[in-house]
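Asks: Same order as they appear, the protein sequences are chains A and B. Position in the first sequence (from 1) plus 35 gives the number in the numbering used here. Position in the second sequence (from 1) plus 32 gives the number in the numbering used here. Don't be surprised by glycine CBs; every beta carbon is placed ideally from N, CA and C. Just so we're clear, the structure is a prediction, and the values are computed from it rather than from any experiment.
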Amino acid sequence: MKFSETAGKFFERIYEILISLKLAVITIGILLVSLITATFLESIYDTPTAQYWVYRSFWFYLVLLCLGLNILFVAISRWPWKKHHTAFLLAHLGIMMILIGSWITQRYGLDGNLRFTEGEASSLVELSDLMVVVADGPEVKTFPIQWTPPSAHFSKVRMDDYGLVVDRWITHAEGDYDFMDSGDQTSQPAVKIRVQGGPMRIVQDYWLWGGDVNFARRQAGPAQIKLITEKFPLEKEDLKVDPKRLSDPKAVQAAHSASPLFGTGKGPELRIRLKGGKIEAEAVSREGKKVQITAEPNAEKVYETGWKGNVTVSFLAIVPHATAVATYRPSQIQYGNSAPSSAIRIAAQDLDPQTTDQQAVRSGKAVWLGLGERAVFKIRDREVAMGFTTQRVQLPFSLKLKEFRIDRYDGSRDPKEYSSFVHVSQGQGKYTDPIHIRMNEPLQHNGITFYQASYEEGFPRPVTSILSVNRDPGRWLKYWGSLILVLGTILLFVKKYVRRSKA
Amino acid sequence: MKIRNALLGLIFVSSWASASDLALPEIPKKKWDFSEFAQTPTHVGGRLKPLDTFAREVVLQLTSSRSYKGWDPVDFVLSLAAHPADWETMPIISVSLLDVKRQLGLEEKRSHFSAVELIRDSYLGQYAQRLGSDSKSMVPNLSGGVAKADPREQEIKKILERLLLFRSLANGDAWTLIPATGGHPWSPLSDKNQKGPEATEIRAHFAGMLQAYRNEDEKTFRGGSLHVRQAVLKAMKLEDPKSMTEDLKREVKTLGSEVFYNRLHPFMWGWILYLLGAILWIFVLVQNPKAKAVFNTLALSATGMGLLAHITGITLRCYIAGRPPVSNMYESIVWVALGVMAFGAIIYATQRQAVLLAVSCVLACFGLIAADAAPAMMDPGIHPLVPVLRSNYWLTIHVLTITLGYAAFALSLGISNVTLWNFLKKANASKIAGLNQLSYRAMQFGVVLLAAGTILGGIWADASWGRFWGWDPKEVWALIALLGYIAILHARYVGWIQQFGFAASSVVSFMLVVMAWYGVNFVLGEGKHSYGFASGGRGPVFTVCGLQLLFVLWVAARQQGWLKKVRL
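#1: Going by beta carbon distance, what residues of the same chain come within less than 6 Å of residue 261 of chain A, once the five residues before and after it are set aside?
#2: In terms of alpha-carbon separation, which member of A:128, A:393 and A:359 lies closest to residue 222 of chain A?
#3: With distances taken from CA atoms, which of A:74, A:135 and A:89 is nearest residue 102 of chain A?
#4: Restricting to runs no shorter than 4 residues, where is the alpha helix (DSSP H) found entirely within the region 348-423 of chain B?
#5: Taking 8 Å as the threshold, find out whether the region 66-75 of chain B comes into contact with the region 208-220 of chain B through three or more Cβ pairs.
#6: So, helix, strand or coil for residue 498 of chain A, using DSSP?
#7: Candidates B:282, B:109 and B:389: which alpha carbon is nearest residue 377 of chain B's?
#8: Can you find the residues in the same chain that come closer than 6 Å, C-beta to C-beta, to residue 355 of chain A, ignoring five residues on each side of it along the sequence?
#9: Out of B:272, B:357, B:59 and B:156, which has the shortest C-alpha to C-alpha gap to residue 114 of chain B?
#10: List, in order along the chain, the chain B residues whose C-beta lies closer than 7 Å to that of residue 66 of chain A?
#11: For residue 473 of chain B, which residues from the same chain have a beta carbon less than 7 Å from its beta carbon, with the 5 sequence-adjacent residues on both sides left out?
#12: At a cut of 8 Å, does the region 330-341 of chain B reach the region 298-311 of chain B through at least three beta carbon pairs?
#13: Measure the C-alpha to C-alpha separation of residue 82 of chain B and residue 284 of chain B and round it to an integer number of angstroms.
#14: Can you confirm whether residue 370 of chain B, when its beta carbon is compared against all beta carbons of chain A, has any partner nearer than 8 Å?
#15: Who are the neighbours of residue 476 of chain B on chain A, taking C-beta pairs under 7 Å?
#16: For the pair the region 336-356 of chain A and the region 384-404 of chain A, tell me if three or more CB-CB distances fall below 8 Å.
#17: Am I right that residue 421 of chain A and residue 168 of chain A are in contact with their C-beta atoms under 8 Å? What's the rounded C-beta distance?
#18: By how many angstroms is the C-alpha of residue 77 of chain A removed from the C-alpha of residue 554 of chain B?
#19: Of all the residues that make up the region 568-583 of chain B, which are near chain A by a beta-carbon distance shorter than 8 Å?
#20: Please compile the residues from chain A whose C-beta is within a distance smaller than 8 Å of the C-beta of residue 505 of chain B.
#21: If you measure from the beta carbon of residue 517 of chain A to each beta carbon in chain B, is any gap under 8 Å?
#22: Looking at chain B, is there any beta carbon in it that lies within less than 8 Å of the beta carbon of residue 345 of chain A?
#23: DSSP on residue 291 of chain B, reduced to helix/strand/coil?
#24: Counting only beta-carbon atoms, is residue 56 of chain A nearer than 8 Å to chain B?
#25: Run through chain A and tell me which residues come within less than 8 Å of residue 480 of chain B, C-beta to C-beta.
#26: Cα separation between residue 168 of chain B and residue 207 of chain A?
#27: Does the distance between the C-beta of residue 102 of chain B and the nearest non-hydrogen atom of the ligand SAM fall short of 7 Å?
#28: Determine the burial state of residue 106 of chain B: buried for a count of at least 16 other Cβ atoms within 10 Å of its Cβ, exposed for fewer.
#29: What is the DSSP secondary structure of residue 209 of chain B, counted as helix, strand or coil?
#30: Does the region 276-291 of chain B come close enough to the region 311-320 of chain B that 3 or more CB-CB pairs lie under 8 Å?
#31: Closer than 8 Å is the cut-off here; do at least three beta carbon pairs connect the region 124-134 of chain B with the region 92-99 of chain B?
#32: Going along the chain, which residues of the region 138-157 of chain A sit with their C-beta nearer than 7 Å to a C-beta in chain B?
#33: Under DSSP, the beta strand (DSSP E) around residue 236 of chain A begins and ends at which residues?
#34: Assuming residue 248 of chain A and residue 267 of chain A make a contact with CB atoms under 8 Å, what is their CB distance in whole Å?
#35: Does any residue of chain A have a CB that is nearer than 8 Å to the CB of residue 522 of chain B?
#36: Strictly below 9 Å CB to CB, what residues from chain A border residue 554 of chain B?
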């Protein structure tokens with residue numbers, strides 16, 4: 036008896052709070068303060084930071100939930116509803132529908148990007164969320180990684196099946212690569228060289244490695260340095276490379292298809308071949324003059340290249356069968372669009388916390404992965420591949436970009452309009468006729484909407500289009516909610532006005 | 033690259049070092065009739081416009097003000113082209129930031145400097161070199177907005193652009209008078225690739241005209257300028273439907289109207305008349321009943337004429353630009369000022385209260401003056417739209433609704449200020465209640481319009497960006513303003529705030545609108561609405577907002593007796 040009485044009083048009290056205007060005003064006040072804070076966070080730092088601290092934080096959802104409950108219970112409290120409640124009820128119903136619709140969108144919707152180049156077909160939608168993908172034989176597992184701003188604490192992700200843990204996170208990371216003996220006869224060779232000279236008298240070391248295109252072809256100022264191997268023979272078309280990251284297969288493919296910016300004017304070249312512990316190099320100047328070099332690794336010996344600016348080269352080290360070891364450090368740039376992407380460290384769970392990062396990586400107890408990189412682990416004699424990527428969704432059909440078209444204002448580079456002509460797959464390798472996707476005119480297919488979002492600038496014209504891919508099951512709720520809300524608000528004011536003018 | 037080359041090329045004059053400190057002879061104006069030449073079409077900044085507009089833009093860009101010492105802008109640019117060596121030593125190039133003046137070794141008190149003075153310090157040259165080598169910083173970002181940068185750096189870039197412009201007027205780079213042919217865009221007179229007969233003809237006429245200008249031969253000049261115009265029009269092949277896009281067709285038709293619009297300066301007439309109206313309305317409010325009728329008529333007609341000028345200006349601008357005038361800060365202020373007048377007039381029609389039109393006139397006058405006063409900060413030019421805005425339908429509905437919401441809130445703010453004034457004067461309760469009722473009515477308009485406009489924005493965003501709501505700063509601030517006003521309406525409904533509280537909170541919550549309207553674009557500068565971003569004006573805006581808040585505080589202190597308590 037007594038308990039139920041207390042409980043009853045308790046619920047009554049809760050109910051009173053829920054229907055009170057005080058709660059509404061307090062909630063709105065908290066909402067106002069947090070929204071204002073968020074916009075300033077976004078202005079000072081960047082969008083993900085504002086989302087992390089406010090828009091996607093747990094407590095912000097709580098505030099919204101509180102507002103929703105308040106509105107719901109206030110509406111219920113007026114029961115039994117009379118005719119003069121109509122406007123008030125409509126306005127409150129509208130807000131609730133918008134809130135619920137937004138929640139459904141957040142929970143069940145799809146919002147990502149599809150990036151493809153002319154002639155390419157793709158069904159891969161890239162989301163902004165991050166994850167570690169583990170391929171253990173035929174089994175594939177994913178572990179979501181929470182994007183965390185530089186100032187916040189990263190919560191570790193344990194992967195107990197493998198005795199591993201994602202223990203470090205750098206929001207905007209720059210990689211340093213080192214190459215060491217892999218102990219595997221099939222691994223590709225690596226060589227470290229030093230280039231000095233040029234107008235600025237610069238001295239810089241470069242690692243070249245046959246295992247990855249970004250390291251087999253490197254840019255040193257205007258000069259290109261090439262490691263010639265079976266996998267990357269000299270004849271192969273010059274590749275666009277990004278020396279900051281190891282490439283994943285998709286990146287290599289993209290490099291093959293589009294290399295518009297580099298490779299137009301031909302700079303000097305250094306071509307390196309490795310033959311049984313010796314280096315056979317050929318320095319080709321811009322004018323086509325060739326200098327042959329035969330050398331063994333020795334930092335003291337300096338060779339002329341015959342290039343302008345008295346550029347010399349020396350060979351520091353050779354690793355016949357090398358594997359890449361990366362360590363990451365926070366980048367100088369920590370905010371904004373030009374900040375580089377993130378990196379994580381995967382370490383053994385039994386790693387001694389006293390061990391330095393360098394030691395851990397060298398001893399194979401920890402591995403750094405930049406976004407888009409993968410590594411193979413030997414766990415209990417099995418090979419397990421792990422990759423750090425953005426989450427991706429495979430669509431049940433694919434889109435093929437026929438043409439990307441851009442129209443600029445006369446006499447300027449400012450875009451006036453840009454659009455994509457796209458084929459949609461219909462199974463058995465068949466495609467529809469081209470469909471024109473343009474600004475404000477999206478394509479709807481199978482409940483998914485494709486919008487022209489952006490493009491990658493290219494020369495002489497851009498050929499890579501970026502579509503925003505969206506499925507929004509909450510859309511109709513939001514639309515109807517909006518309509519009802521506006522209707523209710525208008526009625527609310529008109530009604531009062533009529534009542535007043537009669538009086 | 034362009035800037036660097038231009039700067040290196042600036043040294044085309046012998047009289048470099050000597051000139052600047054001597055008292056300079058004025059360069060004489062011609063005071064001829066340039067109206068014929070003013071209508072010559074040119075294609076700059078992505079659209080076809082009359083030379084008159086181009087000349088005004090040159091004056092604005094060089095001097096940061098609307099006019100230079102009473103020169104007809106067309107006369108001014110012709111003089112710059114004809115006598116570059118004389119102008120080089122004239123202080124016509126604006127430098128505003130103190131830090132930059134120090135950096136360049138310029139006198140801190142002056143606001144304008146000559147090209148010679150600017151080049152004397154080697155810093156600008158070095159900076160231009162750096163710009164040339166670092167091509168990345170010259171790439172515009174995708175959304176077409178201005179990336180956030182150090183204001184000093186921006187100012188230096190602007191100075192370089194001014195120098196470039198100054199030089200290009202003399203060497204022909206700025207005179208984009210050779211029409212597009214066969215896929216080749218409009219090109220300047222100096223373009224050596226343009227060798228066709230039309231281009232040669234335009235060049236010859238232009239050279240002849242400029243020579244006549246130098247020789248002070250008015251008759252030959254007028255003949256020459258007419259020839260230039262005809263040659264350009266001929267080369268445009270107006271009769272050939274293939275060379276005419278929809279935009280171009282409209283732009284050719286509106287050349288004359290644009291010159292008329294430029295010379296009429298309707299918004300200036302607007303604020304002058306509104307000012308007159310406001311003063312007359314105040315007389316109506318304070319006069320004894322006898323004279324009231326006369327002042328009432330006078331005030332009504334001044335207001336009406338102001339409204340006429342205002343509407344004429346907006347209509348002309350719509351006609352010239354081919355779209356509703358709400359694509360930048362200048363246009364939106366002018367539009368909101370009209371909205372305030374409209375709401376004031378609508379409520380006046382039902383309530384017949386002079387205070388409504390008095391407040392509307394003051395606000396509209398203030399808005400038009402603000403828009404007119406800072407052309408360097410708020411660009412009054414008509415510019416083509418970034419891709420996402422090229423949907424007239426949505427631009428009209430979404431932006432017009434939101435800005436009308438702002439207008440209603442502005443009216444509410446104005447009336448509430450009058451209410452606060454009445455509190456100070458200890459006016460009777462019924463007068464105050466009446467004023468608050470008017471303010472409340474305006475606020476209701478505002479809430480409905482802002483809610484509808486924000487939702488319409490969501491629908492547009494859904495259609496073009498693929499999401500209804502994305503917590504973008506502009507969206508969020510519209511929501512913040514809306515929530516603020518909704519809180520007030522609720523508090524008033526349950527009686528938490530009384531007459532004074534309502535008036536005070538109506539004024540305070542307008543600060544949220546200022547932030548959503550001005551702040552997001554000019555202070556935060558972040559998010560997807562980047563096409564409206566710019567910088568500047570913080571000083572005056574914050575000062576006005578601060579004074580407004582101080583006024584509320586002062587009235588509150590008097591009203592609530594805070595000051596008395598302190599004294600005791």
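Replies: Taking the coordinates as given:
#1: Cβ within range, chain order: 252 and 306.
#2: Looking at A:128, A:393 and A:359, the one whose alpha-carbon comes closest to that of residue 222 of chain A is A:359.
#3: Checking every option, the nearest Cα to that of residue 102 of chain A belongs to A:135.
#4: Scanning the region 348-423 of chain B for uninterrupted alpha helix (DSSP H) segments of 4 residues or longer gives 361-383 and 386-405, listed from N- to C-terminal end.
#5: With the rule of 3 Cβ pairs closer than 8 Å, the region 66-75 of chain B counts as touching the region 208-220 of chain B.
#6: Residue 498 of chain A falls in the coil class under three-state DSSP.
#7: By alpha-carbon distance to residue 377 of chain B, the top candidate from B:282, B:109 and B:389 is B:389.
#8: The residues are 224.
#9: The option with the nearest alpha carbon to residue 114 of chain B is B:59.
#10: Result: 515.
#11: Excluding five sequence positions before and after residue 473 of chain B, the CB atoms of its chain that fall closer than 7 Å to its own CB belong to 379, given in chain order.
#12: Touching, yes.
#13: If you draw a straight line from the Cα of residue 82 of chain B to the Cα of residue 284 of chain B, it comes to about 9 Å.
#14: False, the Cβ-Cβ gap to chain A never drops below 8 Å.
#15: Against chain A, the beta carbon of residue 476 of chain B has neighbours under 7 Å at 528, listed in chain order.
#16: The answer is no - the region 384-404 of chain A does not touch the region 336-356 of chain A, with fewer than three Cβ pairs under 8 Å.
#17: Contact holds; Cβ gap of about 7 Å.
#18: A straight line joining the alpha-carbon of residue 554 of chain B with that of residue 77 of chain A spans about 14 Å.
#19: Answer set for the region 568-583 of chain B: empty.
#20: Simply 74, 77 and 78.
#21: With 8 Å as the cut-off, residue 517 of chain A counts as an interface residue toward chain B.
#22: Answer no: the Cβ-Cβ gap between residue 345 of chain A and chain B never drops below 8 Å.
#23: Residue state for residue 291 of chain B is assigned as helix, using DSSP reduced to three classes.
#24: Output row for residue 56 of chain A: interface = yes.
#25: The contacting residues are 521, 524, 525 and 528.
#26: Unreliable positioning characterises residue 168 of chain B in this predicted model, as indicated by a pLDDT of 36, which lies under 50. The coordinate reading is nonetheless provided below. Using only the alpha carbons, I get a separation of about 21 Å.
#27: As for the ligand SAM, it is missing from this structure, which has no ligand bound.
#28: With 16 or more Cβ atoms within 10 Å of its Cβ, residue 106 of chain B is classed as buried.
#29: Here residue 209 of chain B sits in coil by DSSP.
#30: At 8 Å Cβ cutoff, the stretches do not touch.
#31: They touch, by the three-pair rule.
#32: Per Cβ criterion, the list reads 146.
#33: Looking at the DSSP string, residue 236 of chain A is not in any beta strand (DSSP E), and its letter there is neither H nor E.
#34: 7 Å between Cβ atoms; contact.
#35: Interface flag for residue 522 of chain B against chain A is set, since a Cβ pair is found closer than 8 Å.
#36: Per Cβ cutoff of 9 Å: no residues; residue 554 of chain B is ~11 Å from chain A at best.
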